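To start, the structure itself, in structure tokens.
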Amino acid sequence: AQTVTQSQPEMSVQEAETVTLSCTYDTSENNYYLFWYKQPPSRQMILVIRQEAYKQQNATENRFSVNFQKAAKSFSLKISDSQLGDTAMYFCAFYQGGSEKLVFGKGMKLTVNP
Amino acid sequence: SAVISQKPSRDICQRGTSLTIQCQVDSQVTMMFWYRQQPGQSLTLIATANQGSEATYESGFVIDKFPISRPNLTFSTLTVSNMSPEDSSIYLCSVGPESTDTQYFGPGTRLTVL
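Going line by line, the protein sequences match chains A and B. So for the first sequence, my numbering puts the first residue at 1; every next one is plus one. So for the second sequence, my numbering puts the first residue at 115; every next one is plus one.
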């Protein structure tokens, strides 16, 4: 079974700084997708970024980018120019094509300080 | 991405009662999912609901406790039956992955059982 590991339970960063959130996963499959979701105190799960495993190019969305290392099964999220609104729980998730199920990591609490 | 609404947004219920949570999507979707998020924890999939068929429950979740309806392609309900304080959680519905292999989440229902 696929597993997703987020080893850092909590991090804090100063506003405008850059922070990297780590995530590793375990799978024997080749066709899969990786996601980062953000859950602010409002509890809404918001998609931050998505990466297809077959793409070598790292996904970027404005201030958010990933470092996808397929051989190492690593999928880290970099947040540049951190903003107070980035304060949230961040969940890494794995989806195997055709399985219909998202597998989530335990999450990491990010606090951005003014 | 789909726009998803949930009702109620929060509720406080007495032990032994039942609560039905509604999930409405602004477009037709094949698959809908129900998750539970216990305090301070990650998301756990309860069941997958396809229109026109019985919901598929994950290990540890049973239909008698969490009956699900999926009457059409834009709506689903989850009932939490015979509630106990251990059922206090956030319940989220999601839709997808459709052609994008991405799940999008509703705003969640925060349930407190006294």
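The beta carbon of each residue, even a glycine, is placed where N, CA and C say it ideally should be. What you are looking at is a predicted structure, and each value in this text was computed from that prediction instead of being measured.
In this structure, Phe219(B) lies near Gln44(A), with their beta-carbon atoms less than 9 Å apart.
Taking all protein chains in view, the Cβ of Tyr95(A) is crowded by 16 or more other Cβ atoms within 10 Å, so the residue is classified as buried. Excluding sequence positions up to five before and after Glu61(A), its CB lies within less than 6 Å of the CB of Ile49, all in the same chain and listed in chain order. If the five residues before and after Gln14(A) are omitted, its C-beta is found closer than 7 Å to the C-beta atoms of Asn113, all from its own chain and listed in chain order. Secondary structure note for Ala88(A): its beta strand (DSSP E) is the uninterrupted segment Ala88 to Gln96. Residue nearest to Gln138(B) within the set Asn196(B), Ser198(B), Ile204(B) and Arg184(B) is Arg184(B) (criterion: CA-CA distance). Under the three-pair Cβ rule at 8 Å, the segment 189-196 of chain B counts as touching the segment 125-137 of chain B. Annotation for Cys127(B): Leu133, Met197, Leu225, Thr226, Val227 and Leu228 place their beta carbon closer than 8 Å to its own, counting only its chain and skipping 5 residues before and after. For Thr216(B), the nearest beta carbon of chain A is closer than 9 Å to its own beta carbon. The residue from Leu110(A), Tyr54(A) and Gln57(A) with its alpha-carbon nearest to that of Met89(A) is Leu110(A).
Secondary structure at Pro185(B): strand, using DSSP grouped into helix, strand and coil.
DSSP places Asp201(B) within a helical segment (H, G or I) once states are collapsed to three. Contact between the segment 146-153 of chain B and the segment 75-82 of chain A is absent: fewer than three C-beta pairs spanning the two stretches fall below 8 Å.
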